[in-house]
Every structure is written in C-alpha cells, then in structure tokens.
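Report on the following structure.
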Amino acid sequence: MNQSPAQAEHPYHHRPNPAESAGTISAPMLNPQPDDTFPPIDSLLFAADVFFRFCHNQPYSLFHEATFRQRLVAGELPSHLMWALLAAARRYSSLPNLQLNDSDDAQVYARKAWECMKLPWSGGVSDEEVVPILQSIILIVNVEHPSGLCASAYMKLGFAIRLVLHSKLHLEPEGTLDPTFREERKRTFWSIYLQDKLISLSRERFSILRDEECRIQLPCSEVAFREGRYEQTPTLEQFTGDCLDQESADSCCPLALIAVMASTLSRVSYYVLQENRYSQLGLPWSSTSPYASISSTLLQLEIYFGMNEDPKKALRERCYIDESIDQHLAGPFIYSKALFHLSHCLLHHPFLIQQRLQKLKQRAPPIFINTAWQTCRMHAQRLIELKDTKHHNVLVLTSLYGYCTMVAGTIHVLSMNDDNQSIREQGQEYYNSALDFLNDLSCYWKHAALMATRLERFRQQCENRRTDMNPCADKSGHSPGDVKALWQSVDYALLSAPTRPGSPTHGQAPGGIDLFTPQSKLFDFADFDTFAEGLGIFSNLPVLENKNLFPDLEISAENDDSLESVSAK
1 MNQSPAQAEH PYHHRPNPAE SAGTISAPML NPQPDDTFPP IDSLLFAADV FFRFCHNQPY
61 SLFHEATFRQ RLVAGELPSH LMWALLAAAR RYSSLPNLQL NDSDDAQVYA RKAWECMKLP
121 WSGGVSDEEV VPILQSIILI VNVEHPSGLC ASAYMKLGFA IRLVLHSKLH LEPEGTLDPT
181 FREERKRTFW SIYLQDKLIS LSRERFSILR DEECRIQLPC SEVAFREGRY EQTPTLEQFT
241 GDCLDQESAD SCCPLALIAV MASTLSRVSY YVLQENRYSQ LGLPWSSTSP YASISSTLLQ
301 LEIYFGMNED PKKALRERCY IDESIDQHLA GPFIYSKALF HLSHCLLHHP FLIQQRLQKL
361 KQRAPPIFIN TAWQTCRMHA QRLIELKDTK HHNVLVLTSL YGYCTMVAGT IHVLSMNDDN
421 QSIREQGQEY YNSALDFLND LSCYWKHAAL MATRLERFRQ QCENRRTDMN PCADKSGHSP
481 GDVKALWQSV DYALLSAPTR PGSPTHGQAP GGIDLFTPQS KLFDFADFDT FAEGLGIFSN
541 LPVLENKNLF PDLEISAEND DSLESVSAK
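Numbering (UniProt numbering), first residue to last: 1 to 569.
Here it is, written out as structure tokens:
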C-alpha cells in the first residue's frame, strides 16, 4: 500500500515494537544535529535513561519511552525538546561528555530550550507540532519555578495553556490518531493541567483551566501505554460530582488519580487562599458551604482510593507487578496521597478558617475549630510520614514535596504551642522530621533549601511569641507580623521566591548564591544498581552544610515580625 506524504512524515507512523527493550537502542545518530555545540548522542541517551528512571510519571508523563528513544537516536526530536530533556535529567545526575562551553546546570539547559523554541504565535499548527512544544514548556517550568523564577515560569505556563485551548487539546481527539500519539497528547494535556493547579497554590495566581471544560479522557493504564494500545478511561467529570461510582474508581490508574486529586486541591486552594479575601461563601460549618462540599469530596476519595490506608499496604495492593514494586505506578500513587493530605491541611488550617471568620465578623464554635485543628494535624503527620516510603524504594523527590513538607512543618510548629503536652511533643518530633526532609530535598531543588531556612525561622518566631501563636486562638491574638508569616507559610509562590516577597528578581535568582550542595556531595543517581538492589538509597542523603544561604532575606524591619525578618540564632 502506498503511503501518502502526510503518513510518511508522521513522527509516530512507524512505531517501534513496544516489547523491544528500551535499553537496546545504542546505534549512532542517523541525522546528527547541525549545531556542533550540542551534546553527543551518548550523553543524550544517558539523559534519557535518567529521565525515564526518575522523571517519568514523577508526576508528569510526557513520552512513550520506546518511541521517544527511537526518535532520539534517529535525530527526529526538536532541539528544544532535547535541551529540556537534559534540564530534567540534570536534576538527578551529572551528565557525561557534554562538551559544552556553558556551565553544567539545569537552568542553563532550560534557558537553551526556551531560546531555540519557535513559538506558534499565529496558531494554525498541527497537534504533532504543538505537543513537543508543550512537553518542553512543562519541563522548563518544572525547572524554573523551584529555582525561584516563579514569574518566568508563570508566564511560560500561561502561553502553554492558551496554546492548549487554541489547539483544543482539552477535548477528545479524533479516533483515527495513532494510539501512542493519542495517549501522549492526552498525557501532555493532563501534565499542563497539573502544573496549572500547582502554580496557583498562591493568593495572587489563579488557575486558568476549568474542570468542566476538560472533556478529554484521563490517562490510560501504564501497561496499555507501554503496549501502544487504546484503552477507554473515565473523564474528570465522573469524579467531580456528588456521587462517585465504583466502576470509574476501578478504571482510574495512579497517574489518572493525580489529576483527580489536583482538581480537588484546586477547589481547596481557591476557597482558602483566593476567595478568602472576600469570604462571600458563608460560614464554613454551613451545610451548603464549599467547606462542607469539599470535605464530602475528600471523604469519597478516601473511601474509593484508600487514601488513609497504610502506604505500605496500599502500595502492595495497587503498585506491585510480578511481586515487585513498579516505580511508574508507585510514584504517582504516593504523589496522589500527598495531594490528598495537602488538601486536608489547607482546608482545615485554623489560621485560614479564622481569616474567613474575621471578614465575616463571626466567631467559630470551639468544637468546630478544635475538630478542624485535630484533622489538620493528623493529615500534616501523614504528609511527613510519606517520606518513609523511600525505604520501600519509592521516589519521593519531586519538587512539590518541598511545599507539602513546608505546609506540614509549619502546622507542626504551631502544634508545639498547643495546650496539650503530648501534642507539643509530637509537634517537635514531626517538625524535626520535616526539616530533615527539606534538607534532603535541598540537594535537588533550590526552593526546598529556601523553605528549610524559612521553616527554622517560623519555628523561632513562634517560640518567641508562644502565647500569641495558639493555633485555635482567634485572629485578635495575632500581630500583623504573625498574620503575614502565616500567610507566607501556605503560599507556594512566596515560599519559592528567593528574595523577600515584593522585591523584584529581574527574572533570575540572586547572583552568587549557589543553593545546591557542592557537586562532590550531591547524591548522583548514575549508579542505578543500588536502586535496583533495593538498598534504601534515600536514607542517607547529604544535608546542606551552610544553613545561611539567603543573605537577601536577612532584612530587619522595626515593626515587621514576618518570616523574612526573624534572624536565625
């Protein structure tokens, strides 16, 4: 049969055999890149090894591995996508034989990816052209936002979302598409959706994608994706109503569950961080309030997906294949649990509840605020405990874990002011664990180092103002500095910014500040054997030696008691 030109040029027309081992592709590049400064093929293949071991489904799923590797070897990938690949892989390993004049740094590669990208401002491009651009932007944003370049990441993501809507990637495509490309297209959209929800965990930034407009199916199972076959899956709409059916829950894979949890988290963040400014939605204990409806949704998700089950038990039931854990299932499942517990922490946070009541000129019934505080503490504990799944060889290193740990850590600091001695002791224990985890994450994410410093300062501030920081006290006991510090402790954008909130960054991190540990002290995941042997490789990650990494934050203000102005002892 003769092929049409369109068929011959389609990048997914000749799919590799999915059963073929991805690691067998080692032939020289057939069509070398014309840019002599571009890394050699062995460096790119090594970066692909790192990416699919440590980035795929963590939490973004962008590429069909066998197809991606074949196109990489054939030189069919756009330059911007290869630079973005290097940026993502560099987070977890040094890269061999780069032969570049620039420094070996993830931000450098992300910048190169953006600079060589030809953006389709005029529209009218095919899905085959749009999807690689979106994939690169997703990887770039995931480098920039944790590096403190929040405004730059926000702008780039905004363009990507508009490109998604213009290209109608939020709608189900024609059934004639190649199944592999169709699923990549779908997973790319849900990755953009997730970034939109996470980057709006702030008082100043709003989500753009509305759930009711996302008519595309959720991601299919990992097995179906690997085999390159189509699989019918539910839509997000089937999880956002009042009733969730068992059939939809059973067909929701761990990766799809991330989108479901992100939708709920977005409802929480809008209610507690953004709408809280106006508080027009009534009292939280009203049966018709968003507080009640979101609580109901979280309860359903808990029942159908075992969100409060012991992680070890849940992993064995949901993420084991042939008696061994599958990282591409386990990573998304634990990430989903983190989003679930984070939703509870924010929804039931006593400070955020009190802020709403302050605007309504109301006071909370003691039983309500005490129950909310108990629920908040419990889920903050579950959040911190998720880090222990590393002992079962689950990767818990994605950038959002820094924010989750910071939110949970500040809750545990507040519990150190509780009237109950056992609660205070528990708070101290979990605070120490949160700080240790942030220090571990600091080896890979710059904003985690910043959060570790801010968490220590928050503890110091609460210790100095113990009588004023009772978590269940009404707002009248909080100074303006206390209020500012508490707002900062739950705002993802402010927590990720490397300078004092409100000061300009000019699109770059402060000069002369290296927030990573020295390369010699950085755990390098290039040695994959230790991971495969199940030796608990994450139990002894290096801790940053220099805690005073943010001289730009050492700002004294006569009447400012915020996180930013409290000096470390």
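By construction, the Cβ of each residue, glycine as well, lies at the ideal position given by its N, Cα and C atoms.
**Item:** Cα-Cα separation between residue 261 and residue 340, rounded to whole angstroms
**Value:** If you draw a straight line from the Cα of residue 261 to the Cα of residue 340, it comes to about 6 Å.
**Request:** Between the Cα of residue 294 and those of 51, 343, 332 and 400, spot the shortest distance and give me the residue it belongs to.
**Result:** Proximity to residue 294 across 51, 343, 332 and 400 peaks at 343, based on C-alpha coordinates.
**Asked** Where does residue 195 fall in DSSP's three states?
**Response** Residue 195 carries a helical assignment under DSSP once its states are collapsed to helix, strand and coil.
**Request:** Determine contact between the segment 66 to 85 and the segment 186 to 197, defined as no fewer than three beta-carbon pairs at a distance below 8 Å.
**Result:** Contact between the segment 66 to 85 and the segment 186 to 197 is not established, with fewer than three Cβ pairs separated by less than 8 Å.
**Item:** Own chain partners of residue 373 with C-beta closer than 8 Å, once the 5 adjacent residues on each side are dropped
**Value:** Its chain contains 348, 350, 471 and 472 as the residues whose beta carbon lies nearer than 8 Å to that of residue 373, once the 5 sequence neighbours on both sides are disregarded; these appear in chain order.
**Prompt:** So what's residue 362 in DSSP terms, helix, strand or just coil?
**Reply:** Reduced to three states, the DSSP call for residue 362 is coil.
**N-terminal and C-terminal residue of the alpha helix (DSSP H) that residue 272 is part of** = Premise fails: residue 272 is in no alpha helix (DSSP H) and is neither H nor E.
**Request:** Please check the pair residue 381 and residue 320, which I expect to be a contact at CB under 8 Å, by giving their CB distance rounded to whole angstroms.
**Result:** The pair is not a contact, with the Cβ atoms about 26 Å apart (cut-off 8 Å).
**Request:** Would you list, in sequence order, the uninterrupted alpha helix (DSSP H) runs of no fewer than 4 residues that lie entirely inside the segment 84 to 121?
**Result:** 106 to 115, all fully within the segment 84 to 121.
**Request:** Rounded to whole angstroms, what's the CA-CA distance from residue 570 to residue 159? Just pull it up for me.
**Result:** For residue 570 there is no data in the structure shown, the boundaries of the chain being 1 and 569.
**Message:** Output needed for residue 405: all residues of its chain with C-beta closer than 6 Å, excluding positions within five of it in sequence on either side, in chain order.
**Reply:** Sequence-distant partners of residue 405 (beyond 5 residues in either direction) whose C-beta falls short of 6 Å from its own C-beta, in its chain, are 434, 437 and 438.
**Asked** Can you name the residues that DSSP bridges to residue 324?
**Response** Answer is 321.
**Message:** Using only CA atoms, which one of 55, 56, 65 and 71 lies nearest to residue 41?
**Reply:** When 55, 56, 65 and 71 are compared, the shortest CA-CA separation from residue 41 is found for 71.
**Asked** How long is the line joining the alpha carbons of residue 143 and residue 118, rounded to whole angstroms?
**Response** In this structure, the straight-line span from the alpha carbon of residue 143 to that of residue 118 is close to 20 Å.
**Item:** Beta-carbon proximity list for residue 511, same chain, < 6 Å, skipping 5 on both sides
**Value:** In this prediction, residue 511 scores a pLDDT of 34, lower than 50, which makes its location untrustworthy; the coordinate-derived value is nonetheless stated afterwards. Closer than 6 Å at the Cβ level, and outside the excluded window around residue 511, lies no residue.
**Message:** Rounded to whole angstroms, what is the Cα-Cα separation between residue 423 and residue 415?
**Reply:** Near 6 Å, if we compare the C-alpha coordinates of residue 415 and residue 423.
**Asked** Would you report the Cα separation of residue 379 and residue 485, rounded to the nearest angstrom?
**Response** So the alpha carbons of these two residues sit roughly 21 Å apart.
**Prompt:** Taking DSSP as the reference, what is the three-state secondary structure of residue 235?
**Reply:** Here residue 235 sits in strand by DSSP.
**Item:** Cutoff 7 Å; reference residue 187; Cβ partners in own chain excluding five residues on either side
**Value:** Here the set comprises 61, 62 and 219.
**Prompt:** When you compare only the Cα positions, how much space is there between residue 121 and residue 151?
**Reply:** The straight-line gap from Cα to Cα measures roughly 20 Å.
**Request:** With a 10 Å radius around its C-beta and 16 neighbouring C-beta atoms as the bar for buried, classify residue 491 as buried or exposed.
**Result:** Residue 491 should be labelled buried.
**Request:** Using the Cα positions of residue 545 and residue 444, report the straight-line distance between them to the nearest angstrom.
**Result:** Because residue 545 sits at a pLDDT of 33, beneath the cut-off of 50, its placement in the model cannot be relied upon, and the following sentence gives the value as read from the coordinates. Note on geometry: alpha-carbon atoms of residue 545 and residue 444 lie some 14 Å from one another.
**Message:** Bridge partners for residue 217 per DSSP, in chain order?
**Reply:** Paired residues: 235.
**Prompt:** Under the three-state reduction of DSSP, which class applies to residue 512: helix, strand or coil?
**Reply:** Low confidence applies here, because residue 512 scores a pLDDT of 32, under 50, leaving its location unreliable and the question unanswered by this model.
**Prompt:** With C-beta atoms as the reference, is residue 185 less than 8 Å away from residue 209?
**Reply:** No, Cβ-Cβ distance for residue 185 and residue 209 is not below 8 Å.
**Item:** Three-state secondary structure (DSSP) of residue 455
**Value:** In the three-state DSSP reduction, residue 455 falls in the helix class (H, G or I).
**Asked** Do residue 156 and residue 137 have their C-beta atoms closer together than 8 Å?
**Response** Yes, Cβ-Cβ distance for residue 156 and residue 137 is below 8 Å.
**Prompt:** In chain order, which continuous runs of the alpha helix (DSSP H) of length 4 or greater are located wholly inside the segment 333 to 411?
**Reply:** Listed in chain order, they are 350 to 360 and 366 to 385.
**Asked** If we call anything under 8 Å between Cβ atoms a contact, is residue 338 one with residue 270?
**Response** Contact: no.
**Prompt:** Which value, in whole angstroms, describes the spacing of the CA atoms of residue 68 and residue 107?
**Reply:** Separation of residue 68 and residue 107 (C-alpha to C-alpha, rounded to the nearest whole angstrom) is 23 Å.
**Asked** Do residue 145 and residue 328 come within 8 Å of each other at the CB atom, strictly closer than that value?
**Response** No, Cβ-Cβ distance for residue 328 and residue 145 is not below 8 Å.
**Request:** Identify, in the order they occur along the chain, each residue of the same chain with its Cβ nearer than 6 Å to the Cβ of residue 336, setting aside the five sequence neighbours on each side.
**Result:** Result list for residue 336: 257, 258 and 261, in chain order.
**Message:** Only counting the same chain, and skipping five residues up and downstream in sequence, which positions put a Cβ closer than 7 Å to that of residue 357?
**Reply:** Short of 7 Å from the beta carbon of residue 357, and not among the five residues preceding or following it, lie these beta carbons of its own chain, in chain order: 363 and 364.
**Request:** Output the boundary residues of the alpha helix (DSSP H) element that contains residue 436.
**Result:** 421 to 441 is the extent of the alpha helix (DSSP H) around residue 436.
**Request:** Between the Cα of residue 47 and those of 221, 109 and 59, spot the shortest distance and give me the residue it belongs to.
**Result:** Out of 221, 109 and 59, the CA that lies nearest to the CA of residue 47 is found in 109.
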